[in-house]
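Peer 1:
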Amino acid sequence: MQNTLPETQSRRLLGKVALITGAGRGIGLAAAKRFVREGANVFMTDINASLVEQEAAKLVAEGFTAAAARHDVTHEDSWKEVCTAIVARFGRVDHVINNAGSFTLGSAEDAAFDDWRKTMAVNSDSVFLGTRAAIELLKANGGAIVNVSSIMGLVAESNLAAYCASKGAVRNFTKAAALHCADQGYAIRINSLHPGYVATPLIEEFIHTMPPDAAKAAEDELLNHRIPMCRMARPDELAAAIFFLCSDDASYMTGAELVADGGYTAR
Ligand SMILES: NC(=O)c1ccc[n+]([C@@H]2O[C@H](COP(=O)([O-])OP(=O)(O)OC[C@H]3O[C@@H](n4cnc5c(N)ncnc54)[C@H](O)[C@@H]3O)[C@@H](O)[C@H]2O)c1
């Protein structure tokens, strides 16, 4: 089925197929919306099956081609099921966006080991499993993989020890995987994306866990002192960066890190 698009859309991914993890909300959902508007067929996955199925159904109701599946990105068997399902549904895959992730609080001194392991599983193991699965899907015909890291993969915060470690791992694993694909002669580009603060449910839920005064002080510090552009990103601004990395405009980019942070790491 052809996607119906407003005249103004470029449809630069017409006929392409994209697998996007953590697509039930936030950055992943914004990427799915951008990709269908560019003409792609999207396979949206999330550990929250009802949420992602609901969002995919809304896109289908708008005339786009989207499918959804429950997926736990930390489990190898779940990756196998999803890869089988996307090939059965669309017959090909061109782009894989390893986006699902979460965070836990804790410093090098007080982070619970269990939280460390959970964070590494959802942010780092997932990207290893997802990149390996993606290479298998893409190596015959080529394509692009985007691994969503964070500015916390480049710089650090003392109370985000496990998150910083997990996102740093994504950054450098992405380079190793990109080099491997180039060495093998696969036409697969793999890059990492490093968002700054993005106004998604992840951040909103975190702010709501804080007492109102502390939340207000944290927001003031962030917007007025830490982020040069004095605002958080909108999810669609990160979706644009993901789209760029998958598009032919990024044809000479592999093993690179793209930062979209309103200037945060320029200080
Ligand atoms: N929001 C930010 O400020 C920010 C900044 C830098 C990086 N990031 C990264 O961007 C990515 C997306 O973040 P977001 O803000 O959109 O988060 P979000 O919490 O709004 O959405 C993440 C989605 O991932 C899903 N998910 C969580 N664990 C999963 C699992 N094991 N398997 C499959 N799906 C799972 C959740 O159900 C959710 O729908 C994450 O990797 C995050 O670390 C976010």
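If you count by the numbering used here, then the sequence shown holds residues 1258 to 1524, one letter each, in order.
No residue lacks a Cβ here, since even glycine has one placed at the ideal position from N, Cα and C.
1) Taking 8 Å as the threshold (C-beta atoms), are Thr1278 and Ala1357 in contact?
2) Put Gly1567 into one of helix, strand or coil per three-state DSSP.
3) Quick check on Pro1485: does DSSP put it in helix, strand or coil?
4) Could you check if Arg1282 belongs to the surroundings of ligand 1, using beta carbon to heavy atom distance under 7 Å?
5) In terms of DSSP beta bridges, what is Asn1355 paired with?
6) Report the CB separation of Val1299 from Ala1289 in whole angstroms; it is logged as a contact under 8 Å.
7) Looking only at its own chain, which residues have a Cβ that is under 6 Å from the Cβ of Leu1432, when we skip the five neighbours before and after it?
8) Anyone know if the C-beta pair for Gly1399 and Ile1445 falls short of 8 Å?
9) Spell out the partners DSSP gives His1451 in its beta bridges.
10) Tell me where the alpha helix (DSSP H) around Val1339 begins and ends.
11) Measure the alpha-carbon distance for His1328 versus Ile1354 and round it to whole angstroms.
12) What did DSSP end up calling Thr1466 once you bin it into helix, strand or coil?
13) Near Gly1296, what residues of its chain come up, given a Cβ to Cβ distance below 6 Å and the 5 sequence neighbours on each side ignored?
14) Report the residue from Tyr1443, Ala1472 and Cys1421 whose alpha carbon sits nearest the alpha carbon of Val1405.
15) Alpha carbon to alpha carbon, how far is Ala1325 from Val1309? Give it in angstroms, no decimals.
16) Taking Cβ positions, are Leu1312 and Leu1286 nearer each other than 8 Å?
17) Could you spell out the range, first to last residue, of the alpha helix (DSSP H) harbouring Met1377?
18) Decide if the region 1385-1394 is in contact with the region 1428-1443; the criterion is three or more beta carbon pairs, one per stretch, under 8 Å apart.
19) CB-CB under 7 Å to Met1409, same chain, minus the five flanking residues each way: which ones, in chain order?
20) Does ligand 1 have even one heavy atom less than 7 Å from the beta-carbon of Asp1329?
21) Rounding to the nearest angstrom, what Cα-Cα distance links Gly1387 and Ala1318 in this structure?
22) Out of curiosity, what's the CA-to-CA distance linking Val1350 and Lys1315?
23) Using a beta-carbon distance below 8 Å, is Asp1329 in contact with chain D?
24) Express the C-alpha separation of Met1377 and Leu1459 in angstroms, rounding to a whole number.
25) State the DSSP-derived secondary structure class of Thr1388, mapped to helix, strand or coil.
Peer 2: This is what the structure gives:
1) yes
2) Nothing can be reported for residue 1567: it is not among the residues displayed for the chain, which extend from 1258 to 1524.
3) Assigned with DSSP and collapsed to three states, Pro1485 falls in coil, not helix or strand.
4) yes
5) Asn1404
6) The distance from the Cβ of Val1299 to that of Ala1289 is about 5 Å, consistent with a contact at the 8 Å cut-off.
7) A small correction: the amino acid at residue 1432 is Lys; Leu does not occupy that position in the sequence shown. The residues are Gly1512.
8) In this structure, Gly1399 sits near Ile1445, with a CB-CB distance shorter than 8 Å.
9) Val1516
10) Glu1333 to Phe1347
11) One C-alpha to the other measures close to 13 Å.
12) coil
13) Asn1260, Arg1268, Leu1270 and Leu1271
14) It is Cys1421.
15) 6 Å
16) First, the residue type needs correcting, since residue 1312 is Glu and not Leu in the sequence shown. Closer than 8 Å, so yes.
17) Phe1370 to Met1377
18) yes
19) Leu1417, Tyr1420, Cys1421 and Lys1424
20) yes
21) 29 Å
22) 22 Å
23) Among the chains of the structure shown, chain D does not appear; only one protein chain is present.
24) 17 Å
25) helix
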